[in-house]
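In order, the protein sequences belong to chains A and B.
Note that the first sequence ends on residue 521 in my numbering; no numbers are left out.
Note that the second sequence ends on residue 955 in my numbering; no numbers are left out.
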Amino acid sequence: MAQEALTYASATELSVSLKTAEISAVELTEACIDAIAAHNGTVNAVVTLCEESALAEAKAADLKLRDGSAGPLTGIPLLHKDIFCTRNVATTCASKMLANFVPPYDATVVSRLRTAGTVMLGKTNMDEFAMGSSTETSVFGVTRNPWDLNCVPGGSSGGAAAAVAAGFAPLSTGTDTGGSIRQPASLCGITGLKPTYGRVSRLGIIAFASSLDQAGPMTRTVEDAALMLQAMSGVDAGDSTSADLDVPDFTAGLNQPIAGLKIGIPREYFNHNLDQRVANKIHEALNELVKEGAELVDIDLPHTEQGIATYYIIAPAEASTNLSRYDGVRFGHRCDSPQNLTDLYERSRSEGFGEEVQRRILVGTYALSAGFYDAYFKKAQQVRRLISEDFQKAFDRCDVIAGPAAPGTAFPLGAKSDDPLAMYLEDIYTLSVNLAGLPGLSIPAGFIDGMPVGLQLIGRSFDEATLLKMGHRFQLCTNHHRATPTMAGVNQ
Amino acid sequence: MPTIPADVLSVAQLARLRIDETALDDVTDRFNRTLKLVAQLEEVDTEGVVPMSNPHDMYQRLRADKVTESNQREALQKTAPAVADGFFLVPKVID
């Protein structure tokens with residue numbers, strides 16, 4: 030296989046080439062490292078490269094491939110978002126606060142993917158503590174979108190999305206609290222799945238908002254997302270919110286027909302907030318699914334607009350609690366020569382956290398404080414239930430809900446960084462899915478002026494299988510997911 | 861009800877954050893813009909709606925009450941900013 034073909038092949042295709050010894054895991058790993066060396070200087074998707082350990086893991090994978098004990102992911106290179114704890118490898122959450130943090134243990138997702146035989150190439154860039162939709166708040170600097178280097182890749186898993194789009198690795202992990210897998214997947218033209226809350230263990234993922242956070246696969250194809258989700262899923266004794274449910278065989282169900290499945294189209298997703306050109310692409314994509322036998326039905330999700338307000342109380346409130354652990358004592362940044370304990374806390378935190386993180390801690394603290402709790406936090410939790418009930422009612426009439434993953438295509442670097450509220454609108458179609466704990470998949474649905482558009486499919490609780498089946502069917506009859514970026518356009 | 865810089869300072873104090881005086885007006889302005897956004901919720905009728913704190917309304921599982929962790933003090937303290945004799949160091953709290 031030529032170098033280009035190697036770095037843009039899917040994990041499923043690469044797995045066949047590895048098993049037939051057409052290529053070795055070491056050759057594949059070297060090709061990825063070469064691609065990173067060639068383009069990461071401009072894209073800035075990878076923040077830590079583990080060249081030596083990756084080649085050692087690839088050698089071990091080659092032994093397994095030869096002795097017949099290899100699984101479907103053996104020898105496949107992957108990158109982890111820098112929010113996953115990786116034993117003896119720096120894990121920063123793209124924050125000055127954790128610039129020197131080297132975890133003594135692996136996140137469950139990391140150890141499960143390691144056990145599955147993947148080769149860890151390194152760690153990817155993100156918005157600081159996963160709070161953002163553009164990967165512009167990272168202490169490592171911005172990540173650029175491989176489709177137009179003057180544009181953002183989305184966020185917060187922007188490094189992961191850009192890396193897969195740029196051919197650095199076929200697989201990467203992401204986390205999604207309000208859209209952080211699906212929105213960057215949409216903006217970078219890749220496949221991204223946020224599983225149902227509880228499907229994947231959160232142990233070892235640096236916490237942002239614990240009732241919303243989920244980890245998921247970011248890949249080139251739905252087929253690969255199924256493979257990766259299989260390896261990541263399942264109950265974990267170390268996370269009491271992980272679901273104690275059987276995990277279906279996601280790959281086995283991929284080729285089942287979608288004829289007769291009902292797709293709900295929420296009226297509220299196609300209003301003034303949405304770029305009309307994106308709406309057109311989504312309708313074209315839906316027509317493909319109709320050709321395959323799916324039926325469209327109109328549905329209502331009446332609290333869509335209030336989802337943003339609900340999310341921007343609940344997520345910051347949970348974040349303000351989770352981030353109270355960063356006090357300059359046990360780990361993380363500590364200020365120089367603290368005068369007393371309060372000085373140690375206040376200066377360590379103000380120096381270690383960036384602007385957006387501090388802004389959210391303040392809002393969250395306010396929403397939880399005496400006198401405001403009922404008006405803000407409790408109220409938001411009540412609206413959260415109404416949002417969840419909207420979805421339940423909709424699923425009485427359909428099997429899957431479809432719409433855009435983001436209101437537009439990738440926007441220029443800096444375009445929204447001074448206006449947090451404009452940035453928050455980026456997640457209008459994704460964050461209510463987190464509030465309701467449902468699975469959501471974003472797949473490439475076409476291009477507008479050369480920039481990718483993502484179709485989002487939302488499923489019933491723990492019904493990732495139907496999303497994957499429908500997404501796979503779409504990719505069998507379209508080629509959007511096979512397009513590769515030019516990595517042109519730096520003029521800054 | 862918009863907050864004033866003094867309110868923001870008291871919230872910052874609760875959150876153990878120190879806001880630079882030169883940035884205070886800007887921080888207050890942005891804080892108020894966020895509050896204005898979330899004030900949309902006032903329009904929603906939530907009479908009698910049970911608050912939802914977890915997507916599956918689930919209770920946390922309890923595990924058996926037995927020791928499962930081994931002592932890893934050295935490994936865990938490796939990332940601490942200041943330790944001595946196996947303890948985390950903080951500034952003097954009692955004179």
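Using N, Cα and C, we set each Cβ at its ideal position, and we do this for glycine too.
query	result
Is there a Cβ of chain A sitting closer than 9 Å to that of B:V927, yes or no?	no
Which of the residues in the stretch 873-884 of chain B, read from start to end, lie with their CB under 7 Å from any CB of chain A?	L874, A875, R876, L877 and R878
Just reading off the beta strand (DSSP E) that A:V75 is part of, what are its end residues?	V75 to L78
Measure the alpha-carbon distance for A:G356 versus A:E252 and round it to whole angstroms.	The displayed chain sequence assigns Asp, not Gly, to residue 356 of chain A. Going from the Cα of A:D356 to the Cα of A:E252 covers about 43 Å.
Only counting the same chain, and skipping five residues up and downstream in sequence, which positions put a Cβ closer than 6 Å to that of A:T350?	none
Looking at the C-beta of A:L373, does it have a partner C-beta in chain B at a distance below 9 Å?	yes
List, from N- to C-terminal side, the beta strand (DSSP E) runs of 3 residues or more that fit wholly inside the stretch 433-509 of chain A.	469-477 and 480-488
Excluding the five sequence neighbours on either side, which residues of its own chain have a C-beta within less than 8 Å of the C-beta of A:G500, listed in chain order?	T220, V251, A254, L470, I472 and L486
Listed in chain order, which residues of the stretch 219-251 of chain A have Cβ atoms closer than 7 Å to some Cβ of chain B?	Y226, G227 and S240
Quick one: does the C-beta of A:V412 sit closer than 8 Å to a heavy atom of the ligand MG?	Questions concerning the ligand MG fall outside what the structure shown contains, since it holds no ligand whatsoever.
In chain A, what lies closer than 7 Å to B:N914 by C-beta?	S240
With a cut-off of 9 Å, does the C-beta of A:I457 fall near any C-beta of chain B?	no
With three or more beta-carbon pairs closer than 8 Å as the criterion, would you say the stretch 396-404 of chain A touches the stretch 137-157 of chain A?	no
Check the Cβ-Cβ distances between B:P865 and every residue of chain A, and say whether any is below 9 Å.	no
Taking 9 Å as the threshold (beta carbon to beta carbon), is B:A944 in contact with chain A?	no
Three-state secondary structure (DSSP) at A:C61?	helix
Please work out which residues of its chain come closer than 6 Å, Cβ to Cβ, to A:S215, disregarding the five sequence neighbours upstream and downstream, and give them in chain order.	A434, A435, S471 and G483
Go to A:Q243, then tell me how far its beta strand (DSSP E) extends in each direction, as first and last residue.	Q243 to T248
Which one of A:R231, A:K48 and A:I62 has the shortest CA to CA distance from A:A99?	A:K48
Using the C-alpha atoms, what's the distance from A:L450 back to A:T507?	35 Å
Could I get the ranges of all uninterrupted beta strand (DSSP E) runs contained in the stretch 216-241 of chain A, with 3 residues as the minimum, in chain order?	220-223
Output, in chain order, the set of chain B residues within a Cβ distance shorter than 8 Å of A:K407.	P911
Among A:R376, A:G183, A:F197 and A:G196, which residue has its Cα nearest to the Cα of A:T204?	A:G183
For A:Q411, go through chain B and note every residue whose CB falls closer than 7 Å to its CB, in chain order.	T906, V909 and P911
Any idea which residues DSSP pairs A:C180 with across the strands?	A:P441
Which residue spans inside the stretch 257-313 of chain A form an unbroken beta strand (DSSP E) run of at least 3?	291-295
Can you name the start and end residues of the alpha helix (DSSP H) that A:S377 belongs to?	L370 to G381
What whole-angstrom Cβ distance do A:G322 and A:G282 have, given they're in contact under 8 Å?	A:G322 to A:G282, Cβ: 16 Å. No contact.
Does the distance from the C-beta atom of A:V101 to that of A:R116 stay below 9 Å?	Val is not the amino acid found at residue 101 of chain A; the sequence shown has Pro there. The answer is no: Cβ separation not under 9 Å.
Give me the subset of the stretch 372-395 of chain A whose CB atoms are less than 7 Å from a CB atom of chain B, sorted by chain position.	L373, Y374, E375, R376, R378, S379, Q387, R388, I390, L391, V392, T394 and Y395
If contacts are defined as beta-carbon pairs under 8 Å, then A:A198 and A:L303 qualify, I think. What distance do you get, rounded to the angstrom?	Actually they are not in contact, since the Cβ atoms of A:A198 and A:L303 sit about 32 Å apart, beyond 8 Å.
Which chain A residues sit within Cβ distance under 9 Å of B:L936?	P133, R359 and F360
In angstroms, rounded to a whole number, what distance separates the CA positions of B:A942 and A:S366?	12 Å
Looking at chain B, is there any beta carbon in it that lies within less than 9 Å of the beta carbon of A:Q368?	yes
A:T4 and A:V193 look like a contact to me (Cβ under 8 Å); what is the Cβ gap, rounded to whole Å?	Here chain A covers residues 30 to 521 and nothing more, so residue 4 of chain A does not appear.
Does the CB of A:Y37 have a neighbour CB from chain B at under 9 Å?	no
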